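In terms of UniProt numbering, the sequence shown opens at residue 31 and continues consecutively.
Structure record follows, encoded as structure tokens.
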Amino acid sequence: AAEEGFDIEEVEGAIEAAGHGPLPVLAVVGRPNVGKSTLVNRIIGRREAVVEDKPGVTRDRVTYEAEWAGRRFKVVDTGGWEQDVLGIDASVAAQAEYAIEAADAVVFVVDAKVGATDTDEAVVRLLRKAGKPVVLCANKVDGPSGEADAAYLWSLGLGEPYPVSALHGRGTGDMLDKVLEALPEAPAQTFGTAVGGPRRVALIGRPNVGKSSLLNKVAGEERVVVNELAGTTRDPVDELIELGGKTWKFVDTAGIRKRVHLQQGADYYASLRTAAAVEKAEVAVVLIDASESISVQDQRIVTMAVEAGRALVVAYNKWDTLDEERRYYLEREIETEFGQVAWAPRVNVSAQTGRHMEKLVPAIETALAGWETRVPTGRLNAFLGELVAAHPHPVRGGKQPRILFGTQAGTKPPRFVLFASGFIEAGYRRFIERRLREEFGFEGTPIHISVRVRE
Ligand code: GDP
Ligand code: GDP
Numbered sequence: 031a032a033e034e035g036f037d038i039e040e041v042e043g044a045i046e047a048a049g050h051g052p053l054p055v056l057a058v059v060g061r062p063n064v065g066k067s068t069l070v071n072r073i074i075g076r077r078e079a080v081v082e083d084k085p086g087v088t089r090d091r092v093t094y095e096a097e098w099a100g101r102r103f104k105v106v107d108t109g110g111w112e113q114d115v116l117g118i119d120a121s122v123a124a125q126a127e128y129a130i131e132a133a134d135a136v137v138f139v140v141d142a143k144v145g146a147t148d149t150d151e152a153v154v155r156l157l158r159k160a161g162k163p164v165v166l167c168a169n170k171v172d173g174p175s176g177e178a179d180a181a182y183l184w185s186l187g188l189g190e191p192y193p194v195s196a197l198h199g200r201g202t203g204d205m206l207d208k209v210l211e212a213l214p215e216a217p218a219q220t221f222g223t224a225v226g227g228p229r230r231v232a233l234i235g236r237p238n239v240g241k242s243s244l245l246n247k248v249a250g251e252e253r254v255v256v257n258e259l260a261g262t263t264r265d266p267v268d269e270l271i272e273l274g275g276k277t278w279k280f281v282d283t284a285g286i287r288k289r290v291h292l293q294q295g296a297d298y299y300a301s302l303r304t305a306a307a308v309e310k311a312e313v314a315v316v317l318i319d320a321s322e323s324i325s326v327q328d329q330r331i332v333t334m335a336v337e338a339g340r341a342l343v344v345a346y347n348k349w350d351t352l353d354e355e356r357r358y359y360l361e362r363e364i365e366t367e368f369g370q371v372a373w374a375p376r377v378n379v380s381a382q383t384g385r386h387m388e389k390l391v392p393a394i395e396t397a398l399a400g401w402e403t404r405v406p407t408g409r410l411n412a413f414l415g416e417l418v419a420a421h422p423h424p425v426r427g428g429k430q431p432r433i434l435f436g437t438q439a440g441t442k443p444p445r446f447v448l449f450a451s452g453f454i455e456a457g458y459r460r461f462i463e464r465r466l467r468e469e470f471g472f473e474g475t476p477i478h479i480s481v482r483v484r485e
């Protein structure tokens with residue numbers, strides 16, 4: 031590496047930065063208007079997003095990447111959703127519950143100026159039940175005179191209230207230090223399963239695509255009755271299902287089976303649930319209603335799984351209803367709308383008739399195998415050497431940037447770091463990704479490629 035002009039520490043640092051596995055998840059929960067979104071913006075260090083959003087506008091983005099003191103994690107924001115038909119307590123509880131399920135640690139935001147309300151107490155009960163580490167954020171303490179308000183929140187029994195002004199940044203550093211203490215290095219619930227234990231599958235898709243029908247079909251009828259009863263207490267949320275001679279853990283199935291029809295905020299609620307399931311899973315099976323046109327919402331759900339770095343299978347359901355014409359148009363739609371995930375295994379199923387259910391497991395296994403693929407450095411560099419020689423980067427400003435060497439820094443999903451002599455254009459990066467896929471497979475998995483340029 032040194033001969034190529036890279037300092038060894040730089041190379042090691044780049045590999046370590048790129049090679050991080052799945053990030054631990056922090057959920058920010060609390061009543062409406064306590065300042066959750068403001069706090070999330072402060073944590074992710076961006077003006078982007080949430081607070082500027084108009085009420086009523088669908089927000090499908092609920093997770094963000096953040097970094098504090100050199101550690102990276104994800105933040106789930108529950109600030110985008112107002113009270114709905116269920117009433118304030120139930121709404122807050124439901125959204126908090128999903129967020130808490132997905133999280134490794136929780137920041138519970140209370141408006142210190144208002145003090146603890148009954149709704150806050152209800153969230154505290156949920157937090158106790160979940161048993162996740164909690165950091166209590168006493169927000170809207172904009173100056174020293176508010177500190178006394180914060181102290182009152184000891185009464186919640188969640189330990190020390192951290193006085194914070196999400197708006198001005200006061201106290202957020204101390205609070206985040208505490209958050210880092212509470213957060214595990216890696217998301218325990220997702221990847222803490224013992225080797226050989228059941229793999230975690232998230233069955234996701236917009237409402238009415240047939241998730242619950244599919245789940246019922248694969249889980250077997252009898253089991254469903256039992257679980258529907260259990261589902262009324264929303265517990266257990268994960269379900270072990272035997273499929274293809276193996277046991278799989280379908281995550282957040284209570285959410286799928288829950289039959290509450292929300293009006294206001296329903297889309298946001300669904301997004302939150304989807305994000306929670308994706309975070310807990312290793313592989314996402316996105317269910318699409320093949321009888322209808324592929325929608326923006328379908329695409330968002332696929333994007334959510336890809337951005338979360340999960341293995342992906344796309345299943346087209348309700349195949350029994352398709353006539354020849356619809357099949358023709360569906361193929362065109364798949365080409366234009368899902369070109370970006372052409373690498374994902376595809377199955378055409380019917381939850382109603384059971385068609386092609388047996389193809390689900392091989393597809394999931396293929397995706398997981400791609401997700402875990404590791405290319406030895408020697409092989410990768412032999413491949414890169416040939417590739418660069420046969421297809422050099424276009425000359426720019428009289429110079430020809432070159433990929434000098436590369437390594438796979440991590441798996442789940444595969445992450446590569448390439449070291450280059452100059453800026454590598456997006457088109458060339460895509461070309462490399464395409465060729466990597468042709469050469470090494472990576473079926474069913476997103477791959478990350480970062481490029482380091484020699485100074
Ligand atoms: P959410 O509904 O919990 O996400 O709350 P928002 O983040 O949308 O904030 C609700 C309102 O409280 C907004 O008007 C914010 O500007 C305000 N707010 C948030 N944090 C603070 C704070 O630390 N101090 C003060 N004074 N106002 C805040
Ligand atoms: P979910 O909201 O995604 O859980 O969707 P459901 O499982 O509740 O299904 C929505 C509707 O689609 C129900 O009326 C199902 O009977 C119907 N449905 C689900 N799968 C199929 C299928 O494969 N074929 C047909 N014809 N209908 C289906």
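Every residue gets a Cβ at the ideal spot worked out from N, C-alpha and C, and that includes glycine.
Treat the numbers as computed from the prediction; the structure is a model and nothing was measured.
*So which residues put a beta carbon under 6 Å from any heavy atom of ligand 2, going in chain order?*
Selection output, chain order preserved: GLY235, PRO237, ASN238, VAL239, GLY240, LYS241, SER242, SER243, ILE286, ASN347, LYS348, ASP350, THR351, SER380, ALA381, GLN382.
*What do you reckon, is the C-beta of ASN63 under 7 Å from a heavy atom of ligand 1?*
Answer for ASN63: yes, Cβ within range of ligand 1.
*Relative to the C-alpha of GLY199, which residue among VAL344, ASP268, ASP172, GLU388 is closest?*
With distances taken between Cα atoms, GLY199 lies closest to ASP172.
*Using beta-carbon positions only, say whether PRO163 and GLU177 come within less than 8 Å of one another.*
no
*Please work out which residues of its chain come closer than 7 Å, Cβ to Cβ, to GLU322, disregarding the five sequence neighbours upstream and downstream, and give them in chain order.*
None.
*From ILE433 to THR407, what does the alpha carbon distance come to, in whole angstroms?*
14 Å
*Tell whether a beta-carbon distance below 8 Å holds between ARG229 and VAL344.*
ARG229 is not a Cβ neighbour of VAL344, given a cutoff of 8 Å.
*Report the rounded CA-to-CA distance for LEU56 versus GLY161, giving the unit in angstroms.*
14 Å
*Ends of the beta strand (DSSP E) at VAL105?*
101-107
*Do the segment 464-472 and the segment 390-403 make contact, defined as three or more Cβ pairs closer than 8 Å?*
yes
*Answer with buried or exposed for VAL87, where buried requires no fewer than 16 other C-beta atoms within 10 angstroms of its C-beta.*
Its pLDDT being 39, under 50, VAL87 is placed unreliably by the model, and the measurement read from it follows with that caveat. A residue is called buried when at least 16 other Cβ atoms come within 10 angstroms of its Cβ; VAL87 does not meet this threshold and is exposed.
*Report whether the distance from the Cβ of ASP207 to the nearest heavy atom of ligand 1 is below 7 Å.*
no
_Spatial neighbours of TYR458 within its chain, please: C-beta separation below 6 Å, excluding the five flanking residues on both sides._
HIS423
*asked:* By the three-class DSSP mapping on this structure, what secondary structure does ALA345 have?
replied: strand
*For LEU317, which of helix, strand or coil comes out of DSSP?*
strand
*If we count the other Cβ atoms within 10 Å of its Cβ and call it buried at 16 or more, is PHE453 buried or exposed?*
Classified as exposed, PHE453 has fewer than 16 neighbouring CB atoms from the shown chains inside 10 Å of its CB.
*Looking at the unbroken alpha helix (DSSP H) that takes in TYR358, where does it start and where does it end?*
354-367
*Pick from SER175, PRO191, PRO444, ASP319: whose alpha carbon is nearest that of ALA399?*
PRO444
*Does the separation of the CB atoms of VAL140 and ASN169 fall below 8 Å?*
Closer than 8 Å, so yes.
_I'd like the span of the beta strand (DSSP E) that includes TYR94, first residue to last._
Its beta strand (DSSP E) spans residues 93-98.
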